[in-house]
Structures are given as structure tokens and as C-alpha cells.
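Heads up: the sequence shown at position 251 corresponds to 251 in the numbering used here, and the numbers run straight through without jumps.
Quick reminder that beta carbons are idealized off the backbone N, C-alpha and C, glycines included.
Here is the structure we will look at.
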Amino acid sequence: MSAVLEVKDLQIAFGGVKAVDGLSFEARENEIIAVIGPNGAGKTSAFNCITGFYKPTGGAISLNGKDITGKRPADIAAAGISRTFQNLRLFPDLTVLDNVRAGMHLYGGQNWADAIFHTPRFKRSEAHYTDEAHRWLDFVGYTGPRGVPIRNLAYGQQKQVEIARALARKSGVLLLDEPAAGLNYTEKQGLLSLCRRIRDLGTAIVLIEHDMGLVMELSERIVVMNFGHEIAEGTPAEVKANPAVIEAYLGKDEEVES
Ligand SMILES: Nc1ncnc2c1ncn2[C@@H]1O[C@H](COP(=O)(O)OP(=O)(O)OP(=O)(O)O)[C@@H](O)[C@H]1O
Ligand SMILES: [Mg+2]
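As C-alpha cells, this is what we get:
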């Protein structure tokens, strides 16, 4: 199967710090891959380059064979890459439903006149967005209230809503930055099955995650970073047995456990 997302020799430097220094990987349809590595390895910086929040200082990123390197975040989102953030980025005062709908308006077929005069087309599309938002909230298994400001929800619920919002864009590629952080055991089990259901939609998932149990169980391939460098790539079994990976984690007093 051909790659949906292709990252080649990606680099980003901040002053003298090379946060990402030569990262290459591919993500294909119906595939979950993970990017792991100790704190500060450059994982989030790589996501920020892929989604246009940072302009890479080197390398190339392509989506469905088209070069998207250095394009603006809105253009990259519209081209088909969605993401969630390591620190939630929702609109705290908007309701759950409106937060999910906010993800979709990017694709609205309406124009400003429709919106101001509330034309039938506008009303039809608004109803459609609301239905879709409910569908995605159902899909992620969200069972909380939908008409309340999102700031009132538990953290795990907010994380579910953020994934629903990303999914509502119907992108071919979904980047998840530490989706399991802060979740309890039951929530993590829900996340595991959700990731599989998202993959089964045909979406390519790239997962940054520190929870090794989750990574090993979910990923077809794992890319390992340390100090900006890619130090290994392979199946979970290959990565777990790789001495460079073990050293990178043990050097930080962490263990690669399954
Ligand atoms: N906007 C920025 N300006 C300056 N330095 C940055 C910036 N963003 C990231 N860095 C630096 O780049 C390096 C990689 O950071 P990054 O956040 O990508 O790591 P990470 O692998 O996501 O770590 P964590 O697992 O803790 O989230 C760090 O040294 C960080 O301080
Ligand atoms: Mg990070």
C-alpha cells in the first residue's frame, strides 16, 4: 500500500538547538504507527512541522504524493491532516457540540451572505453539522453532556471531544500527541479500541505516546527518537530488543516495558 504521509529527513532548529535532526517515516492507510522517545526528543516539534505550526529548516513532507512542506496550518488541515495537542486546545467556553462543530466549518459550502442572512442553505448546513458532531461524539464513545461549556468536563472527556473534533474533519491522516496522558485505566482501554476503529475507517494514525503498553499493543511500526535523531524504526518486537532504544530509555531511568 502506498504512503499517505511521507516525511523525509525532517529538520527543525531553534537557535542552536536541533529539535529534529533527520527524521524520516511513512504512514499508510489503515495503519497505526508510533513515534516514541524520551522527553525533549523532538516528537512534538516533528508534529508541529508536519502540521505547519513550525516551518522546517530542512527535509520534505508530502501528503498523498503532494509536497506540503512549509505550508500554512489551515492549508495543511484542509489538505487532510488532523491533529490533537499534547496540551488540550479546545474552546473552553464553547459547548461540547460547538467545539466539535468548530472542527468542521473549515469545509462549509456556505458563504458569508448565507451566514449573515441565515438562508435556507445555511440552516440546512447548520443542521447537518450538528448531526455530524453528534455522530462523531457517539463514535468516540463520549457519554457526557453535550450542551455545556467544555471547561466543566472531566479531563478524560475533554480529550475524547478533542479527538471527535479532529475526526470531524474526515482527514486521511490523524496525528495524536500523547492521547493517553492523564487517562485512567478504563479510559485508556477505550482509547485503544477507538484507535483501532479510527484505523478501520481507512485513516493513517501517527501516535506520540509515552505509555509503552499502549504503543506496543497498537502500533504496526514504531519510530524512536532521541535528541532530535531517529535512532530506530521497526516492529514493536524489533524496537523492544534494540540496544540503542534500551539505552536511550535507561539513560533517562525509564524502562521499555510492554
Ligand atoms: N518553539 C520552540 N522554541 C525553542 N525551542 C523549542 C521550541 N519547541 C521545542 N523546542 C525544543 O526542542 C526540543 C524538543 O522538544 P519537543 O517538545 O519536540 O520534545 P518532545 O519529544 O515532544 O518531548 P515530550 O515527550 O516532553 O513532549 C526541546 O529541547 C525543546 O526545548
Ligand atoms: Mg511532546
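Distance, ASP75 Cα to ALA237 Cα: Within the sequence shown, residue 237 is the residue found at index 237, counting from 1. Within the sequence shown, residue 75 is the residue found at index 75, counting from 1. Their Cα atoms are separated by approximately 37 Å.
Closer than 7 Å: VAL17 CB and nearest ligand 1 heavy atom: Taking the first residue of the sequence shown as position 1, residue 17 is located at position 17. For ligand 1, at least one heavy atom lies less than 7 Å from the Cβ of VAL17.
Top-ranked residue by Cα proximity to HIS134, from LYS123, ASN152, LEU167 and THR119: Taking the sequence shown and counting its residues from 1, one reaches residue 134 at position 134. If we check each option's Cα against that of HIS134, LEU167 comes out closest.
Helix, strand or coil at GLY213 [DSSP, three-state]: On the sequence shown, position 213 is the one that residue 213 refers to. Looking at GLY213 - three-state DSSP - the assignment turns out to be helix.
Contacting residues, own chain, Cβ-Cβ under 6 Å from ASP9 (five flanking each side not counted): For the purposes of this step, residue 9 is identified with residue 9 of the sequence shown, where counting begins at 1. If we look at ASP9 and ignore the five residues flanking it on each side, its Cβ neighbours are GLY22, SER24 and GLY59.
Coarse secondary structure for HIS118, derived from DSSP in three states: Counting from 1 along the sequence shown, the entry for residue 118 is found at position 118. Of the three classes helix, strand and coil, the one that applies to HIS118 here is coil, per DSSP.
With 16 other Cβ atoms within 10 Å as the buried cut-off, status of GLY42: Here the question's residue 42 lines up with position 42 in the sequence shown. By the 10 Å Cβ count, GLY42 comes out buried.
Pick from VAL161, VAL140 and GLY156 that is closest to GLY147, judged by C-alpha positions: What you label residue 147 is simply residue 147 of the sequence shown in a count that begins at 1. When each option's Cα is compared against that of GLY147, the closest is VAL161.
Closest Cα partner of HIS210 within the set ALA19, PRO38 and GLU230: Numbered from its first residue, the sequence shown carries residue 210 at position 210. Closest option to HIS210, Cα to Cα, is PRO38.
Assumed close pair GLU31, ARG199 - CB separation to whole angstroms, cut-off 8 Å: The count along the sequence shown starts at 1 and reaches residue 31 at position 31. The count along the sequence shown starts at 1 and reaches residue 199 at position 199. With a Cβ gap of about 7 Å, GLU31 and ARG199 count as contacting.
Cβ-Cβ distance between ASP93 and ARG151 below 8 Å: Counting from 1 along the sequence shown, the entry for residue 93 is found at position 93. Counting from 1 along the sequence shown, the entry for residue 151 is found at position 151. Yes.
ASP177 vs ILE205 beta-carbon contact at 8 Å: As a working note, residue 177 is residue 177 in the sequence shown. As a working note, residue 205 is residue 205 in the sequence shown. It is not a contact, given that the beta carbons lie outside the stated cut-off.
Environment of SER193 [buried if 16+ CB atoms lie within 10 Å]: Indexing the sequence shown from 1 puts residue 193 at position 193. So SER193 ends up on the exposed side.
beta-carbon ASP177 near ligand 2 non-hydrogen atom, thresh 7 Å: For the purposes of this step, residue 177 is taken as the residue at position 177 of the sequence shown. Yes, Cβ of ASP177 sits closer than 7 Å to a heavy atom of ligand 2.
Pair within 8 Å by beta-carbon distance, TYR142 and GLY182: As a first step, residue 142 must be located in the sequence shown, where it is residue number 142. As a first step, residue 182 must be located in the sequence shown, where it is residue number 182. No. Outside cutoff.
Assigned exposure category for ALA232 - 16 Cβ within 10 Å defines buried: Along the sequence shown, one-based indexing puts residue 232 at 232. Result: buried.
Cut-off 7 Å between Cβ atoms - residues of its own chain near ALA244, not counting five sequence neighbours on either side: As a working note, residue 244 is residue 244 in the sequence shown. Cβ neighbours of ALA244 beyond the five flanking positions: ILE231 and ALA232.
Beta-carbon proximity check, PRO56 vs ILE12, cutoff 8 Å: Start at 1 with the first residue of the sequence shown, and residue 56 comes out as number 56. Start at 1 with the first residue of the sequence shown, and residue 12 comes out as number 12. Their beta carbons are under 8 Å apart, which means PRO56 touches ILE12 by this criterion.
Spatially closest choice to VAL173 from VAL17, ILE36, THR51 and PRO145, by CA coordinates: Stepping through the sequence shown from its first residue, residue 173 is reached at position 173. Among VAL17, ILE36, THR51 and PRO145, the Cα nearest to that of VAL173 belongs to THR51.
Beta carbon proximity, PHE122 to chain C, threshold 8 Å: The structure shown contains no chain C; it holds only a single protein chain.
Nearest-angstrom beta carbon gap, LEU97 and ILE81 [assumed within contact, 8 Å]: Along the sequence shown, read from residue 1 onward, the residue named residue 81 stands at position 81. Along the sequence shown, read from residue 1 onward, the residue named residue 97 stands at position 97. Contact between ILE81 and LEU97 does not hold, since the beta-carbon distance rounds to 24 Å and is not under 8 Å.
GLY37 CB to nearest heavy atom of ligand 1 below 7 Å: Position 37 of the sequence shown, counting from 1, holds the residue named residue 37. Indeed, a heavy atom of ligand 1 lies less than 7 Å from the Cβ.
Nearest candidate by alpha-carbon position, reference LEU201, set TYR249, VAL7, PHE53 and SER171: Locating residue 201 in the sequence shown gives position 201, counting from the first residue. Nearest C-alpha to LEU201: SER171.
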